[in-house]
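Residues 97 to 310 in the numbering used here are what the sequence shown spells out, letter by letter. We put the CB at the ideal spot given by N, CA and C, even for glycine. Heads up: the structure comes next, in structure tokens.
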Amino acid sequence: MDMSGAIGATNKETYELPTEFFEAAFGKSMKSSGCYFKHESATITEAEEASHELYCERAQIKDGQTVLDIACSQGGLVLYIARKYKKCQVTGLTNSKAQVNYLLSRAEKLGLTNVHAILADVNQYEFGTYDRLLMIKLIEHMKNIPLFLRKLSTWMTEDSLLFVEHVCHKTFSHSFEAIDENDWYSGFIFPRGSDDVSVVDHWVVNGMHMARSL
């Protein structure tokens with residue numbers, strides 16, 4: 097069984113779009129996954145930052161660590177961690193050339209020397225090890241999750257942690273296979289991915305945060 101679904105098509109249709117599109121559609125850091133609204137009057141930019149803060153807390157990010165953001169998009173989380181934890185070496189991995197160029201350009205403008213970017217397909221590229229791996233809204237693309245997690249484990253030491261944000265139903269597993277032409281989310285955003293997986297720990301964020309984000 098292949099490890100991933102139709103990532104190539106999704107990348108071409110979505111992730112290689114001009115940066116101007118994401119600037120118009122999302123907040124300041126162009127976070128394309130769900131944000132976290134602490135209160136009703138929170139702006140999208142405030143919700144993006146609150147979400148990044150929550151990721152760092154739950155992933156137990158500490159200064160001096162090596163951090164890898166897998167499928168980093170425009171690098172909002174990479175830049176957030178690099179600014180907050182000056183001694184961390186933070187790397188963003190993406191298979192989008194446009195995203196790599198934008199991330200490195202933003203890091204240079206912000207004077208961040210602890211930001212790195214890798215242009216690669218996560219299915220094929222091999223890394224060293226990292227203290228923390230973060231994966232935000234990528235695992236939905238995966239067709240064989242156990243095989244993918246086995247690959248990620250080779251990038252971790254015994255003390256490393258992997259933090260995953262996963263879009264899911266509150267009760268049922270979702271294979272993200274489009275039922276008909278009206279199933280837009282499965283057909284175009286996460287085509288042919290997902291499988292069941294057991295977790296050690298998890299947190300639930302109400303789907304209304306995602307609704308307000310998009």
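How big is the Cα-Cα spacing for Lys239 and His212?
28 Å
Just checking my contact of Leu164 with His148 at CB under 8 Å: how many whole Å lie between their CB atoms?
Between His148 and Leu164 the Cβ distance is about 16 Å, and since that is not below 8 Å, they are no contact.
Less than 8 Å between the C-beta atoms of Gln170 and Tyr198, yes or no?
Using a Cβ distance threshold of 8 Å, Gln170 and Tyr198 count as a contacting pair.
How about Gln156 and Leu257: do their beta carbons lie closer than 8 Å?
A contact, by the Cβ cut-off of 8 Å.
When we look at the beta-carbon of Leu175 and count the other beta-carbons within 10 Å, is it buried (16 or more) or exposed?
The residue is buried, with at least 16 neighbouring Cβ atoms inside 10 Å.
Less than 7 Å between C-beta atoms, sequence neighbours within five positions excluded: which residues of the same chain meet that for Gly160?
Lys183 and Cys184
Along the chain, which unbroken stretches of the beta strand (DSSP E) at least 3 residues long are found entirely within the stretch 189-214?
Listed in chain order, there is nothing to give.
Is DSSP giving Tyr151 helix, strand or coil here?
If DSSP states are grouped into helix, strand and coil, Tyr151 belongs with the helices.
Are the beta-carbon atoms of Ile214 and Leu189 separated by less than 8 Å?
yes
Measure the C-alpha to C-alpha separation of Asp291 and Met231 and round it to an integer number of angstroms.
Interpretation of Asp291 is limited by its pLDDT of 43, a score under 50 that renders its predicted location unreliable; no figure is taken from the coordinates.
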